[in-house]
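Mapping the sequence shown onto the working numbering, position 46 (from 1) lands on 296, and the numbers just tick up by one.
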Amino acid sequence: MQVERLFKIIFLLMNGSYTTAKELAEYCSVSVRTIQRDLDALSLAGIPICSSRGYGGGVGLLKEFTLDKTFMTEQEQTDILHGLQALQGTGYADANDSFNKFAALFRKKMEDSWLRVDFSSWCASGFGKEKFDRLKGAILGKKVITFTYFSSENRISERCAEPLCLLFRERAWYVCVFDRKKNREMILRASRIRNLRVTDEIFERVMQADPMATPDYSTSYDLQRVVLRVKAEHAFRVFDEFPDQNIYPQPDGTFLIEEPMPINEWLTGYLLSFADGLEVIEPLTLRNALKEKICLMKKKYDK
Numbered sequence: 251m252q253v254e255r256l257f258k259i260i261f262l263l264m265n266g267s268y269t270t271a272k273e274l275a276e277y278c279s280v281s282v283r284t285i286q287r288d289l290d291a292l293s294l295a296g297i298p299i300c301s302s303r304g305y306g307g308g309v310g311l312l313k314e315f316t317l318d319k320t321f322m323t324e325q326e327q328t329d330i331l332h333g334l335q336a337l338q339g340t341g342y343a344d345a346n347d348s349f350n351k352f353a354a355l356f357r358k359k360m361e362d363s364w365l366r367v368d369f370s371s372w373c374a375s376g377f378g379k380e381k382f383d384r385l386k387g388a389i390l391g392k393k394v395i396t397f398t399y400f401s402s403e404n405r406i407s408e409r410c411a412e413p414l415c416l417l418f419r420e421r422a423w424y425v426c427v428f429d430r431k432k433n434r435e436m437i438l439r440a441s442r443i444r445n446l447r448v449t450d451e452i453f454e455r456v457m458q459a460d461p462m463a464t465p466d467y468s469t470s471y472d473l474q475r476v477v478l479r480v481k482a483e484h485a486f487r488v489f490d491e492f493p494d495q496n497i498y499p500q501p502d503g504t505f506l507i508e509e510p511m512p513i514n515e516w517l518t519g520y521l522l523s524f525a526d527g528l529e530v531i532e533p534l535t536l537r538n539a540l541k542e543k544i545c546l547m548k549k550k551y552d553k
């Protein structure tokens with residue numbers, strides 16, 4: 251406990267202002283006598299504690315003092331602070347405290363961050379803060395979870411898994427887990443997880459594959475070459491939702507899209523979201539499936 255308290259005192263004093271022994275005692279929840287002994291211990295350890303009398307005086311550190319950080323370059327220190335600023339966007343409880351401590355450690359006054367991260371959704375995404383916190387706790391505590399999962403193929407299954415990490419990719423949160431029934435690592439969309447329960451069972455497994463190296467999350471599907479024509483008024487969606495190398499602008503303002511996709515119910519629903527702004531050119535099976543879906547919709551609204 252004393253070592254932790256000594257670091258607290260150092261971090262507090264490194265903010266640059268003087269403080270009194272009484273204020274330090276209140277901050278550390280100990281007596282003034284204990285703080286005086288701690289200050290003596292720090293001085294004996296070579297920490298340049300100094301004192302000043304009068305108004306605004308108290309105990310402080312020499313301005314030139316920094317903890318030994320020669321193992322990191324200036325750029326590495328800045329990168330760490332920028333990373334902690336970005337982490338604040340996840341709502342991680344300790345991110346702000348960690349940022350302030352490292353800023354004091356590095357003696358850096360950061361300007362407004364060049365990178366702002368907001369992981370919140372414009373609408374209810376099915377992945378609120380409560381679920382985020384529970385998954386984070388299960389991952390850090392290495393606790394087995396059980397849940398109901400709704401797949402993109404409209405299959406509902408009960409899962410028992412070991413949560414390994416959270417991922418944010420392509421506007422959505424995913425969870426990398428080791429599925430005990432399937433006996434392999436899987437990446438699942440967090441918003442499709444329901445009835446989440448964190449058990450008391452502890453697991454020891456570590457992640458084997460790098461989930462960020464996975465090109466996409468549809469590795470269980472057979473991908474086929476799909477060619478689409480999209481109207482000019484949907485240009486914003488074209489640039490939002492397709493990689494540049496698969497977009498071919500046409501002289502008439504439309505766009506040809508060539509991309510490997512899984513031919514399933516999710517894809518037909520996604521393509522229908524363009525309404526009459528999209529036409530399937532290839533493959534013929536997908537074109538016919540879309541035509542059939544449109545006919546069924548027409549019958550429903552003709553009633």
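Quick reminder that beta carbons are idealized off the backbone N, C-alpha and C, glycines included.
Range of the contiguous alpha helix (DSSP H) that encloses residue i
i	result
residue 538	534-552
residue 283	282-294
residue 274	271-278
residue 487	485-491
Given residue i as reference, the closest of the options once Cα atoms are compared
i	options	result
residue 496	481, 406 and 475	475
residue 485	524, 431, 458 and 285	524
residue 430	409, 509, 260 and 508	409
residue 240	400, 312, 286 and 292	The first residue shown for the chain is 251 and the last is 553, placing residue 240 beyond what the model contains.
residue 480	460, 502 and 418	502
residue 508	522, 529, 553 and 516	529
residue 436	517, 459, 418 and 261	459
residue 518	506, 499, 260 and 538	538
First and last residue of the uninterrupted beta strand (DSSP E) at residue i
i	result
residue 449	443-452
residue 474	473-480
residue 420	Neither: residue 420 is in no beta strand (DSSP E) and is coded neither H nor E.
residue 518	Unbroken run through residue 518 is the alpha helix (DSSP H), 515-522; no beta strand (DSSP E).
residue 507	505-512
residue 394	393-400
residue 301	299-302
residue 439	434-439
residue 499	497-499
residue 311	308-311
Cβ-Cβ separation, residue j to residue i (assumed contact under 8 angstroms), whole Å
i	j	result
residue 381	residue 446	6 angstroms
residue 527	residue 483	6 angstroms
residue 379	residue 452	About 25 angstroms; that fails the 8 angstroms criterion.
residue 448	residue 438	Incorrect: roughly 16 angstroms between the Cβ atoms, too far for contact.
8 angstroms Cβ cutoff met for residue i and residue j
i	j	result
residue 472	residue 512	yes
residue 302	residue 296	no
residue 554	residue 443	Because residue 554 is not part of the residues shown, which for the chain are 251 to 553, the question remains open.
residue 531	residue 478	yes
residue 411	residue 441	no
residue 275	residue 282	yes
residue 514	residue 420	no
residue 284	residue 308	no
residue 278	residue 259	yes
Status (buried if at least 16 other CB within 10 Å, exposed otherwise) for residue i
i	result
residue 544	exposed
residue 413	buried
residue 257	exposed
residue 321	Low confidence applies to residue 321: its pLDDT is 49, below 50, so where it sits in the model is not reliable enough to give any reading.
residue 546	exposed
residue 323	exposed
residue 456	exposed
residue 397	buried
residue 504	buried
residue 288	buried
residue 536	buried
residue 263	buried
residue 373	Because the pLDDT at residue 373 is just 47, under 50, the model does not fix this residue reliably, and the point stays unresolved.
residue 522	exposed
residue 498	exposed
residue 399	buried
residue 424	buried
Closer than 8 angstroms to chain C by CB, residue i
i	result
residue 325	The chain inventory of the structure shown lacks chain C, comprising one protein chain alone.
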